[in-house]
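Visitor: Using the numbering used here, the first residue of the sequence shown is number 1395, and each one after it goes up by one.
No residue lacks a Cβ here, since even glycine has one placed at the ideal position from N, Cα and C.
All values derive from a computational prediction rather than experimental measurement.
I am attaching a structure below and will ask some questions about it afterwards.
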Amino acid sequence: MRVIIGGAGRVGIALAKALANEKYDLVVVDNDSRAVANAQSLDCLVVNGNITSRETLMEAGINYASVFVAATPSDEANLIACSIAEHAHEANDGEDGLTSICRLRTTSYVQEYKQGHLIEWANVDHVVNPLHGAIQRLNAGLRSTELEEVIPFEDEAYVIEFDIGESAHNIVGRPLREIKEDFVHGLPNIVGVKRDGQKSFIPTDDSILEVGDRVAVSIIGLDSFNPALITFGHEISYFPESPRVVIVGATNIGTKMAEDWLQHGATVTVLERELHLANKLAGSKTGGNSNIDVIHGDHLDRSILEEISIDQYDVALSALDDDHANIAAVLLMADLGVPHTGLMLYDADLVKVTQRMGISFAVDRHRVAVNNILSHVHKSLSGRYTLLAEVPNVVGITLKVTERAKFAGKVVGEANFPDWMRLAFIKRRNLSGNWESIAPEPDELLLENDRVILFCHKEKVADAQKRFKV
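Here is the structure:
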């Protein structure tokens, strides 16, 4: 299957690397010479040209393509490219249908998509706007300073990544089969492990963990974070049930951050330099919430921060358009006594840097975008496709249990799943019609129409799909 990726920036390159391991016929298109040079190290065809050019798309083989991804930083270029790609594919009697995936950041365009208009005037099948997922990751990750990454899977399901601490004597040095017997209520479910100097692996009952291993653990509910961290040798930090949160910037991102925290019972203060943005938020439905204050003022003015008693806040976030301005804002608030600080960053290289600075948690927006795009590329999947940030080459996929699957109607322990895959969650609709997350215990039934989220190496994705008769 041919996949054409328009844009060889951070998102495009990360997407190409992920798909290259799955043996797709890949083409990367960009008109920047440095981006093209970077892309040439990948196992794919690289075309130097503009993605909004019909001739360039024809050179890339758009008439043979199954998927076209527009992943440049420009919303307008991405929209135009998707429209031309769809038309060129159809006009040249393209094989089967073309699925177009468009990366967008502008709120108005995203709303056009949600209202069903975008497919009519731009021929865009899917839109990727990672803001919601990034905010979920950030807000969950701030609950502990020991977490390296948090990946939300909706319906209270999370995968958290962290190192095994030195005090975790009861879970290292012995096969997991023996360790599980010591845990009456069950050992937290480990879905991936990375050891220094070795390749990532899916743990089996014979696996032996070591101090310092980086593990990915699936849990259900925010209240399960701390028990998992304690099990793996970490001291937990206090995080209040109803935190006081200060957000710098009444931007679209800042507003979405505020809404998410308000839904989780927080009291929120938003600081905004620009009067018109402060007034816009204050006059909105969100601004009318009794638990939010919108203040017009400079977030770098210590007198304003002292006036709002900044040292009494639990969380400080920044939602400005510049990564460095965001870092400066939260570092100042940390210096004034705020214990938990967080950021969403455009520059992935800054994520590790901010951790060394003492910032509690940072989210790489590009990684979230790549995960969202991969979900759409894998059209046969039933939901999320997720790369683990700290456990390379291990991915999470969602597959539907159909009547054709041999294990439909059986319990997990009798399904005979191979050791190279690890079940993380079972998603099932309850009597109210809402999805809920269920731990894949050995005695849990696998019912028709359930969604199973499992983890495996990238090269095993096709094998996993075969087992589910996809």
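Give, in chain order, every unbroken run of the beta strand (DSSP E) that is at least 3 residues long and sits entirely within the stretch 1623 to 1652.
Guide: 1638 to 1642
Visitor: Give the straight-line distance between the Cα atoms of asparagine 1415 and alanine 1856, rounded to the nearest whole angstrom.
Guide: 11 Å
Visitor: Leaving out five residues before and five after glycine 1681 in sequence, what residues of the same chain have Cβ atoms less than 6 Å from its Cβ?
Guide: Leu1675, Val1688
Visitor: Among Ala1402, Gly1752, Ser1678, Ala1713, which one has its Cα closest to the Cα of histidine 1693?
Guide: Its Cα nearest to that of histidine 1693, the residue Ala1713 stands out among Ala1402, Gly1752, Ser1678, Ala1713.
Visitor: Taking C-alpha atoms, which residue in Asp1557, Ala1728, Val1757, Val1522 lies nearest to aspartate 1717?
Guide: When each option's Cα is compared against that of aspartate 1717, the closest is Val1757.
Visitor: Which residue from Pro1621, Phe1626, Asn1444 puts its Cα closest to that of leucine 1603?
Guide: Phe1626
Visitor: Quick one: Cα of glycine 1403 to Cα of methionine 1738, how far?
Guide: Glycine 1403 and methionine 1738 have their C-alpha atoms roughly 18 Å apart.
Visitor: Under three-state DSSP, which class holds glycine 1752?
Guide: coil
Visitor: How many whole angstroms separate the CB atoms of isoleucine 1702 and leucine 1656, which I take to be in contact at a CB cut-off of 8 Å?
Guide: About 18 Å separates the two Cβ atoms, so there is no contact after all.
Visitor: List the whole-angstrom C-beta distance separating alanine 1672 from alanine 1644, where the pair is believed to meet the contact cut-off of C-beta under 8 Å.
Guide: The C-beta distance from alanine 1672 to alanine 1644 rounds to 6 Å, short enough to meet the 8 Å contact threshold.
Visitor: Mind checking which residues open and close the beta strand (DSSP E) that includes tryptophan 1515?
Guide: It is not in any beta strand (DSSP E) - tryptophan 1515 instead sits in the alpha helix (DSSP H) that spans 1512 to 1515.
Visitor: Taking alanine 1802 as part of the beta strand (DSSP E), name the residues at either end of that continuous run.
Guide: Taken as a continuous stretch (DSSP letters only), alanine 1802 belongs to no beta strand (DSSP E), as it is neither H nor E.
Visitor: Please classify alanine 1809: does DSSP put it in a helix, a strand, or coil?
Guide: coil
Visitor: Could you pull out every residue in the same chain whose Cβ sits closer than 6 Å to the Cβ of phenylalanine 1556, ignoring the five residues on either side in sequence?
Guide: Glu1540, Leu1541, Glu1542
Visitor: Here's the rule I'm using: 16 or more other beta-carbon atoms within 10 Å means buried, otherwise exposed. How should aspartate 1437 be labelled?
Guide: exposed
Visitor: Between which two residues does the beta strand (DSSP E) holding serine 1561 run?
Guide: That residue, serine 1561, is in no beta strand (DSSP E); it is neither H nor E in DSSP.
Visitor: Considering aspartate 1576, what are the terminal residues of the alpha helix (DSSP H) in which it resides?
Guide: 1570 to 1576
Visitor: Assess contact between the stretch 1770 to 1789 and the stretch 1841 to 1853, defined as three or more Cβ pairs (one per stretch) separated by less than 8 Å. Is contact present?
Guide: yes
Visitor: Pick out whichever of Arg1667, Gly1606, Val1553, Asn1564 has its Cα sitting closest to the Cα of glycine 1648.
Guide: Arg1667
Visitor: Using beta-carbon positions only, say whether phenylalanine 1595 and isoleucine 1847 come within less than 8 Å of one another.
Guide: Not closer than 8 Å, so no.
Visitor: Run through the stretch 1452 to 1519 for me and flag every whole alpha helix (DSSP H) of 4 or more residues, listed as ranges in chain order.
Guide: Correct list: 1469 to 1485, 1501 to 1508, 1512 to 1515.
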